[in-house]
Amino acid sequence: MSAEKTENLNWIDKRFPLTETWRAHLSEYYAPKNLNFWSFFGSLAILTLVIQIVTGIWLAMSYKPDAGLAFASVEYIMRDVDWGWVIRYMHSTGASAFFIVIYMHMFRGLLWGSYRKPRELLWIIGVVIYLVMMATAFFGYLLPWGQMSYWGAQVIVNLFAAVPGIGEDLSVWVRGDYVISDATLNRFFAFHFLLPFLLVGLVFLHIVALHHVGSNNPDGIEIKQGPKGNKWSDKAPADGIPFHPYYTVKDLMGVVVFLALFSIVMFFMPTFGGLFLEAPNFQPANPMQTPAHIAPVWYFTPFYAMLRAVPPMWDSQFPGVVVMFAAILILFVLPWLDRSPVKSMRYKGPIFKWATAIFAVSFVVLAWLGMQPVSDLYTLLAQIFTTLYFAYFLLMPIYSALDKTKPVPERVTS
Ligand code: HEM
Numbered sequence: 065m066s067a068e069k070t071e072n073l074n075w076i077d078k079r080f081p082l083t084e085t086w087r088a089h090l091s092e093y094y095a096p097k098n099l100n101f102w103s104f105f106g107s108l109a110i111l112t113l114v115i116q117i118v119t120g121i122w123l124a125m126s127y128k129p130d131a132g133l134a135f136a137s138v139e140y141i142m143r144d145v146d147w148g149w150v151i152r153y154m155h156s157t158g159a160s161a162f163f164i165v166i167y168m169h170m171f172r173g174l175l176w177g178s179y180r181k182p183r184e185l186l187w188i189i190g191v192v193i194y195l196v197m198m199a200t201a202f203f204g205y206l207l208p209w210g211q212m213s214y215w216g217a218q219v220i221v222n223l224f225a226a227v228p229g230i231g232e233d234l235s236v237w238v239r240g241d242y243v244i245s246d247a248t249l250n251r252f253f254a255f256h257f258l259l260p261f262l263l264v265g266l267v268f269l270h271i272v273a274l275h276h277v278g279s280n281n282p283d284g285i286e287i288k289q290g291p292k293g294n295k296w297s298d299k300a301p302a303d304g305i306p307f308h309p310y311y312t313v314k315d316l317m318g319v320v321v322f323l324a325l326f327s328i329v330m331f332f333m334p335t336f337g338g339l340f341l342e343a344p345n346f347q348p349a350n351p352m353q354t355p356a357h358i359a360p361v362w363y364f365t366p367f368y369a370m371l372r373a374v375p376p377m378w379d380s381q382f383p384g385v386v387v388m389f390a391a392i393l394i395l396f397v398l399p400w401l402d403r404s405p406v407k408s409m410r411y412k413g414p415i416f417k418w419a420t421a422i423f424a425v426s427f428v429v430l431a432w433l434g435m436q437p438v439s440d441l442y443t444l445l446a447q448i449f450t451t452l453y454f455a456y457f458l459l460m461p462i463y464s465a466l467d468k469t470k471p472v473p474e475r476v477t478s
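Residues 65 to 478 (the numbering used here) are what the sequence shown spells out, left to right.
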């Protein structure tokens, strides 16, 4: 580095810990040397969050949060704003891409046991992030003011009315009116603009927690507790390599592949067969005409299927609402449900492996069922797969303790 650059850097370092932070979190932050495909999704989650915030701000420059103007303003963005259709499709594709990346990221946590000690808080911050992401997506879904936006919001906000005693007042409070209206649209826009910045803060905490405990790996071995000394430092974990340049370059490769896939969808199939942008949402909201079949976007449908699987009690959908929220809140206690002596699926026994496979299949089947019109057969299937979903968590303290595990090696394997 040139003398002048060094001088400038020294001037900065005396006033801001730039080199120190770079070293502590990148060039001398040692991550396990055997991180694989599953560790792409953290950095891809950061990328999608940035895509959503940047395209969102640009959309907000032309979007009108007014019930009379909202639908037309999205049409205006699509047809008249320079490159408006690209920004809009980046945002709509980005929303689904964000959830695909996050579900892969969370599933990796289940496979590697990255919710176990010492990462319980890292996982819990993750679950809070997931809840805020869902709220952000829900508020955003109303903004185009299309038929599915309007009726989807009507159905979900009506669930608040099922809360015993306070339900009616609560749902009016959330809407700002007796039905979904201009008041609802305005406040949903305000929340949809605000929550992504809360997400940025939560992601910062998430990564601070990660760098404090260190990254897990496919073997579930704590490299910090293993032998010391590698070619970069005598004090560093022997099974660790510097995050920069090794994993920054690797994550960049993941970013390139992701952006290629993202562009193919965005330019050639932005509706993705109606999964990312539903056909009814290309019609303006009509409070007088209920669509034949109302369903939320695919990343909510597993929980929507659970809601519909629970029959109303005393004419109230409250039990279904409880099951739907419990399906997400149970993630907070996961670190304490798993009693297995090992972390990673690699060394767990057949019971845990089958339980995880059945859980994953149940989640995907529930996602599909949540998109289908109601029928007796689908309701029965949804009841079966909802039970299997909860059985994965509620029976885990038993089968994880009974499960016959394999010995975990001393050092990480490839
Ligand atoms: C905006 C959303 C999110 C972002 C930007 C994000 C970012 C990251 C990054 C960069 C890493 C390190 C790289 C990696 O291992 O993948 C990471 C690790 C982790 N994340 Fe997230 N994350 C997000 C959401 C979540 C959610 C929703 C959960 C779980 C509910 C979660 C749980 C974890 C766990 C347990 C680890 C540690 C992984 C390990 O060391 O094995 N994250 N996250």
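Beta carbons are placed, not taken as given, at the ideal position from N, Cα and C, and that holds for glycine.
Separation of residue j from residue i, as counted between CA atoms
i	j	result
Met409	Gly120	38 Å
Ile115	Tyr179	27 Å
Ala369	Val385	11 Å
Glu84	Ile76	11 Å
Tyr214	Gly132	13 Å
Met435	Trp362	7 Å
Phe163	Thr70	43 Å
Ala421	Gly231	38 Å
Met198	Val236	21 Å
Ala67	Thr365	59 Å
Pro334	Phe340	7 Å
Ala419	Val145	50 Å
Pro81	Thr477	35 Å
Ile394	Arg79	45 Å
Ser464	Gln447	24 Å
Val264	Ala109	11 Å
Gly177	Arg183	9 Å
Boundaries (first-last residue) of the beta strand (DSSP E) holding residue i
i	result
Gly304	Gly304 to Pro306
Pro96	Tyr94 to Pro96
Which listed residue (the options) has its alpha carbon closest to that of residue i
i	options	result
Ile271	Tyr453, Ser107 and Pro461	Ser107
Leu175	Trp122, Asn100, Trp209 and Tyr140	Asn100
Trp86	Thr312, Asn350 and Val429	Thr312
Pro471	Leu185, Gly284 and Ala421	Gly284
Pro351	Gly210, Ala124 and Leu113	Gly210
Val387	Ala373, Phe396, Thr443 and Tyr442	Ala373
Ile305	His89, Val320 and Ala67	His89
Ser103	Met168, Ser91 and Asp130	Met168
Ser156	Asn345, Ile462 and Trp432	Asn345
Ala390	Pro375, Asp379, Leu401 and Leu371	Leu371
Leu258	Tyr194, Gly148, Leu398 and Ile117	Ile117
Asp402	Tyr453, Phe457 and Tyr194	Phe457
Gln289	Pro282, Ala161 and Val277	Val277
Phe47	Val150, Leu73, Arg143 and Ala136	This structure does not reach residue 47, given that the chain is present from 65 up to 478, and the question cannot be answered.
His308	Arg79, Ser91, Asn74 and Lys78	Ser91
Phe171	Val438, Pro473 and Leu398	Leu398
Leu269	Val192, Tyr127, Phe396 and Thr443	Val192
Met125	Gly148, Phe454, Tyr194 and Phe367	Gly148
Residue span of the alpha helix (DSSP H) that contains residue i, given as start and end
i	result
Tyr242	Counting along the chain, Tyr242 falls outside any alpha helix (DSSP H), and DSSP gives it neither H nor E.
His357	Segment: none, His357 is in no alpha helix (DSSP H) and carries neither H nor E.
Ala424	Pro414 to Leu433
Tyr179	Looking at the DSSP string, Tyr179 is not in any alpha helix (DSSP H), and its letter there is neither H nor E.
Lys78	Ala67 to Arg79
Gly384	Phe382 to Leu393
Trp400	Leu398 to Leu401
Ile141	Ala134 to Arg143
Ser213	Gln211 to Phe224
Met460	Met460 to Leu466
Ile115	Phe104 to Ala124
Met370	Thr365 to Ala373
Leu82	Leu82 to Trp86
Contact set for residue i: own chain, Cβ-Cβ below 8 Å, skip 5 residues either direction
i	result
Lys206	Checking the sequence shown, residue 206 turns out to be Leu, not Lys. These residues qualify, in order along the chain: Ser213, Tyr214, Gly216, Ala217, Ile244, Thr248, Leu249 and Phe252.
Val429	Leu445 and Phe449
Ile220	Phe202 and Pro360
Cβ neighbours of residue i in the same chain (closer than 7 Å, five flanking residues each side left out)
i	result
Ala273	Leu185, Leu186 and Ile189
His256	Thr200, Phe203, Gly204 and Leu207
Met330	Tyr153, Met154 and Thr157
Glu342	Met212
Lys412	Ser404, Val406, Asp467 and Thr469
Ala480	Limits of the chain in this structure are 65 at one end and 478 at the other, which puts residue 480 out of reach.
Pro437	His357
Val227	Leu234 and Phe382
Contacting residues, own chain, Cβ-Cβ under 6 Å from residue i (five flanking each side not counted)
i	result
Asn294	Ala300 and Ala302
Ile415	Tyr463 and Asp467
Contact test: residue i Cβ vs the ligand SAH heavy atom, cutoff 7 Å
i	result
Asn100	As for the ligand SAH, it is missing from this structure, which binds only the ligand HEM.
Taking only runs that begin and end inside the stretch 276–313, name each unbroken beta strand (DSSP E) of 3 or more residues, in chain order. 304–306
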